[in-house]
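Input: a single structure, listed below in structure tokens.
Protein chains: 2
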Amino acid sequence: MMTETAPALRIGVAGLGTVGAGVLKILAAHGPRLSTHAGRPLVLTAVSARNRAKDRGVDISQFEWEDDPVALARRDDIDLLIEVIGGSNGPAKAAAEAALARGAHVVTANKALLAAHGGALAEMAEEKRAGLRFEAAVAGGVPIVKALSDSLAANAISRVYGVLNGTCNFILTEMERTGRDYQDVLAEAQSLGYAEADPTADVGGWDAAHKLALLSTLAFGASVDLDGVSVEGIERISESDIRFAAELGYRIKLIATASRDGGQTLQQVAPCLIPAESAIGGLDGVMNAVVCEGDFVGQTVFEGPGAGEGPTASAIVADVLELARNGAQPVFGQPIQRLTPLRRMPPENVSAPYYVRLKLVDRPGALAEVTGILGGTDISIHQMRQIGGTPDPASVVIITHEARDGDLRSAVAKITNLEVSLAPPMALRIERA
Amino acid sequence: MMTETAPALRIGVAGLGTVGAGVLKILAAHGPRLSTHAGRPLVLTAVSARNRAKDRGVDISQFEWEDDPVALARRDDIDLLIEVIGGSNGPAKAAAEAALARGAHVVTANKALLAAHGGALAEMAEEKRAGLRFEAAVAGGVPIVKALSDSLAANAISRVYGVLNGTCNFILTEMERTGRDYQDVLAEAQSLGYAEADPTADVGGWDAAHKLALLSTLAFGASVDLDGVSVEGIERISESDIRFAAELGYRIKLIATASRDGGQTLQQVAPCLIPAESAIGGLDGVMNAVVCEGDFVGQTVFEGPGAGEGPTASAIVADVLELARNGAQPVFGQPIQRLTPLRRMPPENVSAPYYVRLKLVDRPGALAEVTGILGGTDISIHQMRQIGGTPDPASVVIITHEARDGDLRSAVAKITNLEVSLAPPMALRIERA
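Residue numbers (my numbering), protein chains in the order written: chain G, 2 to 434; chain A, 2 to 434.
Listed below in structure tokens is the structure:
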């Protein structure tokens, strides 16, 4: 237990956007209490950003200033660098490396950086006995990193899944609430500041994939494998899919799932149906939620704001407190050389029930051709309905029993080529809640 | 960062009931991985229980045996005592004290012990630089202790609330699902092993009160004040209250709430209405869930199994890992001498909306007498309905606007004394979600 006569922990903040400013606000609001909690004084020494003069709603005049984040990281009056610049390369990476190289701790909210270079940075950190923490990089204010690396460490984890991107969840929730289509709601999200001008990273599923790759590593003790994540975005989801799903008791969410079976790991980001009554199914707006399944604990759920100034800064300061108290820990819950290479599970062998929406010409025998193909590909039908109230009476929705992903894909390809098929079928996995 | 050449952490387990056996099972299943995670070997040295011969589904022959838990706690080949005997006094307290007195760590699942003697035990622990951890004491497998003491430490917490007793939640869920009454479902819960033969601690709200007193301390940095918790159980809840609440969009849960305002703390355990659509409102069966509100993070929710062998043992082992890695930390998140005395908020000054169910004689003017009393006590009505399908046509349910607790109580007393009132009104607070 440290006492308050322990030396101060001197902090530098690289990046003074929303999150960086949030960190300054927390330290200004709760500084003395946080130092008590840390068992030593926390002192913000210096900051760096692109524009010193910009108004950020916080006074930065009392801190040393650096134009260059790498110069900040190299200052010998900094014991800990908070990196909130963003981006998987460039100044964020250079600053983190510069800090770790001299044994200074790094706290970051940068999922892209860690998903791309987490292994190398962790190696550098552990070699120098520096800490590298990233609670804020996954699900913002939700302490899922600490939960997986510490609180649930007694368990063999079999699956981690949830909603890791607030922008997508906002868009899907709004589409459902208002009956508007994807493009329309995306434009609204952009005007509200919930989606970027170039929304690809969010709506294409990449942001969630970065976060999932980090959660897999924590859950399974395997090295970060971003390339092993299969990624599909929400761009194809139509308002009618959302409505049909709701009529069957489901909601459509962009689900990130990592599961392990027989030493192999499956990592998927895709829009899925999930029971409306479940914790994930009930999640609205920009919230994030993660479900963990462990062999002793069973299912636990962690839910909260996945982004934004306050929540993200809250997670960063928690990491600072942890480092102030306990110093460096293994970055991914166990020493980096203990992480095993991740063995990818071929997705085509994985089974799940599916939602399949078809558009068929309205003539006798059309549906029989489709069901013939499904039967011939070993896919059995659990529910089938012509959805009421659709403008096109030949819209048919099928819920399958568990089917192999490979079989489903092959059936969809065959159905697409049928003459009676007016559009390629829309197939979505149903995630078990 | 510790290396694997660090000395072993030698563990003794006092109590081999369900939870103690669960700990042994986790160590047997995941021992080597846990030692890697801990950065040092974890070695189970000795155990103690009432009956050595009892079959617990785990082999205890390789461990040293003590009949007396205090003798176990005093063994010099034990660095950490896991206390899972239970009870606020007697052998559990004696064993914990004996371990702490010689500087050995204690990990416990014993909320009754800590709610009664947490301050004194923490003082002893911190004086001896021993750790005292209790993740398993609140909400079983849900890591809410760590969340409040570490992950959310950047925040000033304004409210912590949730469902902390699985037995009550099971009973209320079953009453709702089956339309059966309280006594009937309680008997079923007893036969299923979800409720004790003497169910008072659970259904009377005391178990939740113990847990709430610990959460308040963590959230607000105030000393444990079990006597300051106002406690009301679920015994008075009728199947019709549950049904009426559902018709208005609410569910009835045993809610434990601790909130802080102007330096004063309110601690309440009581059956409340809560919106059915909320995270807590959606909680079924024996699950627990806790919502935390912080000034920067906003609302976060933690949910999972609140009791049982696996979940509770999982939380205990997480505490063991934490002590193995980081040694002793302040027991309640900050040094015990920093905890301020808890200043109680007088509940009569607190405002909330209320559900009030009345049974009136069926004659003109009866309701006017009631509304006259409410109006005269400064309580305004938000909704009023004669609930359809009730056997008694004069059952009236009123949802009030925010009303002072003191005013509500005084109005209820006056209504009880009315000649037109056939039974005392049932008044339940509506918890804000």
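Note that CB positions come from ideal geometry on N, CA and C, so glycine has one too. Owing to the predicted nature of the structure, the values given are computational and were not obtained by experimental measurement.
Beta-bridge pairing of residue i - partner residues as DSSP gives them
i                 : result
PHE135 of chain A : DSSP output for PHE135 of chain A lists no bridge partner at all.
LYS360 of chain G : G:SER396 and G:ALA424
MET288 of chain A : A:PRO306
TYR355 of chain G : G:ARG430
GLY299 of chain G : G:GLY295
GLN63 of chain A  : DSSP output for GLN63 of chain A lists no bridge partner at all.
CYS273 of chain A : A:LYS254
SER224 of chain G : For SER224 of chain G, which the question treats as bridged, DSSP gives no partner whatsoever.
ILE83 of chain G  : G:VAL14 and G:VAL108
GLN265 of chain G : G:ASP262
Segment limits, alpha helix (DSSP H) that includes residue i
i                 : result
LYS212 of chain A : 207 to 221
GLN437 of chain A : Since the displayed chain A opens at 2 and closes at 434, residue 437 of chain A lies outside it and no answer follows.
VAL24 of chain G  : 19 to 39
TYR162 of chain A : No alpha helix (DSSP H) holds TYR162 of chain A; the beta strand (DSSP E) holding it covers 158 to 164.
PRO70 of chain A  : 70 to 75
ILE243 of chain G : 240 to 248
THR341 of chain A : First-last for THR341 of chain A: undefined, no H or E at that position.
VAL371 of chain G : 367 to 377
GLN191 of chain G : 183 to 193
LEU173 of chain A : 167 to 179
LEU409 of chain A : 406 to 417
ALA47 of chain G  : Per DSSP, ALA47 of chain G belongs to no alpha helix (DSSP H); it is in the beta strand (DSSP E), 43 to 49.
ASP151 of chain A : Here ASP151 of chain A belongs to no alpha helix (DSSP H), and DSSP marks it neither H nor E.
ALA203 of chain G : Per the sequence shown, the amino acid found at residue 203 of chain G is Asp instead of Ala. Unbroken alpha helix (DSSP H) run through ASP203 of chain G: 201 to 204.
Of the listed residues the options, nearest to residue i (C-alpha basis)
i                 : options                                   : result
TRP207 of chain A : A:LEU173, A:LEU122, A:LEU101 and A:VAL230 : A:VAL230
LEU45 of chain G  : G:ALA325, G:ILE12 and G:ILE79             : G:ILE12
SER36 of chain G  : G:ALA138, G:THR341, G:LEU322 and G:ASN52  : G:LEU322
GLY299 of chain A : A:ALA154, A:ALA131 and A:VAL71            : A:ALA154
ILE145 of chain G : A:GLU304, A:ALA29, A:ARG130 and A:LEU115  : A:GLU304
GLU403 of chain G : G:ALA353, G:ALA271, G:CYS169 and G:MET427 : G:ALA353
THR179 of chain G : G:GLY264, G:GLU240, G:SER152 and G:ASN170 : G:GLU240
LYS55 of chain A  : A:ALA412, A:SER152, A:GLY16 and A:ILE400  : A:GLY16
GLY119 of chain A : A:GLU175, A:LYS212 and A:THR372           : A:LYS212
MET288 of chain A : A:PRO365, A:ARG103, A:TYR195 and A:VAL24  : A:TYR195
VAL421 of chain A : A:ALA367, A:THR378 and A:ASP379           : A:ALA367
ARG345 of chain G : G:ALA412, G:SER396 and G:ASP262           : G:ASP262
ALA1 of chain A   : A:THR201, A:ALA113, A:GLU127 and A:MET176 : An answer regarding residue 1 of chain A cannot be provided, because it is not within the stretch 2 to 434 covered by chain A.
GLY309 of chain G : G:ILE380, G:VAL139 and G:ASP228           : G:VAL139
MET427 of chain A : A:ALA148, A:ARG410 and A:ALA123           : A:ARG410
VAL302 of chain A : G:ALA280, G:ALA102, G:ALA157 and G:GLU294 : G:ALA280
GLU67 of chain A  : A:ARG51, A:ASP60 and A:LEU173             : A:ARG51
GLU124 of chain A : A:ARG339, A:ALA93 and A:ALA257            : A:ARG339
ASP80 of chain A  : A:VAL14, A:PHE245, A:ASP285 and A:ILE172  : A:VAL14
SER49 of chain A  : A:GLN63, A:HIS383, A:ALA121 and A:LEU43   : A:GLN63
LEU255 of chain A : A:PRO70, A:LYS94, A:ALA290 and A:ASP199   : A:ALA290
ALA100 of chain G : G:ILE235, G:GLN265 and G:ALA72            : G:ALA72
ALA220 of chain G : G:GLU233, G:LEU28, G:GLN265 and G:LYS94   : G:GLN265
LEU149 of chain A : A:LEU216, A:VAL59 and A:ALA7              : A:LEU216
LEU193 of chain A : A:LYS94, A:ILE172 and A:ALA209            : A:ILE172
LEU419 of chain A : A:VAL362, A:VAL397, A:GLY376 and A:ILE400 : A:VAL362
ALA157 of chain G : A:ALA95, A:ILE399 and A:LEU28             : A:LEU28
Segment limits, beta strand (DSSP E) that includes residue i
i                 : result
HIS106 of chain G : 106 to 109
ILE256 of chain G : 251 to 262
VAL14 of chain A  : 10 to 15
SER231 of chain A : 230 to 232
Residue i beta carbon near the ligand ADP (any heavy atom closer than 7 Å)
i                 : result
MET125 of chain G : Absent from the structure shown: the ligand ADP. Ligands present: none.
inquiry  = Can you confirm whether the stretch 172 to 191 of chain G touches the stretch 317 to 335 of chain G when touching is taken to mean that 3 or more C-beta pairs between the two stretches lie within less than 8 Å?
reply    = With contact defined as three or more Cβ pairs closer than 8 Å, the stretch 317 to 335 of chain G and the stretch 172 to 191 of chain G are not in contact.
The stretch 79 to 87 of chain G in contact with the stretch 13 to 25 of chain G per 3-pair CB rule at 8 Å = yes
inquiry  = I'd like to know if the stretch 164 to 177 of chain A and the stretch 307 to 322 of chain G are in contact, where contact means that at least 3 CB-CB pairs between them fall below 8 Å.
reply    = Fewer than three beta-carbon pairs drawn from the stretch 164 to 177 of chain A and the stretch 307 to 322 of chain G are found closer than 8 Å, and the two stretches are therefore not classed as touching.
message = Below 8 Å, how does it come out for the stretch 248 to 255 of chain G and the stretch 263 to 274 of chain G: are there three or more Cβ pairs, yes or no?
response = yes
task = Specify whether the stretch 98 to 110 of chain G and the stretch 131 to 141 of chain G touch according to this definition: at least 3 beta carbon pairs, one from each stretch, less than 8 Å apart.
result = The stretch 98 to 110 of chain G makes contact with the stretch 131 to 141 of chain G; the number of CB pairs closer than 8 Å reaches 3 or more.
message = Which runs of the beta strand (DSSP E) at least 3 residues long sit entirely within the stretch 85 to 127 of chain G? Give them in chain order.
response = 106 to 109
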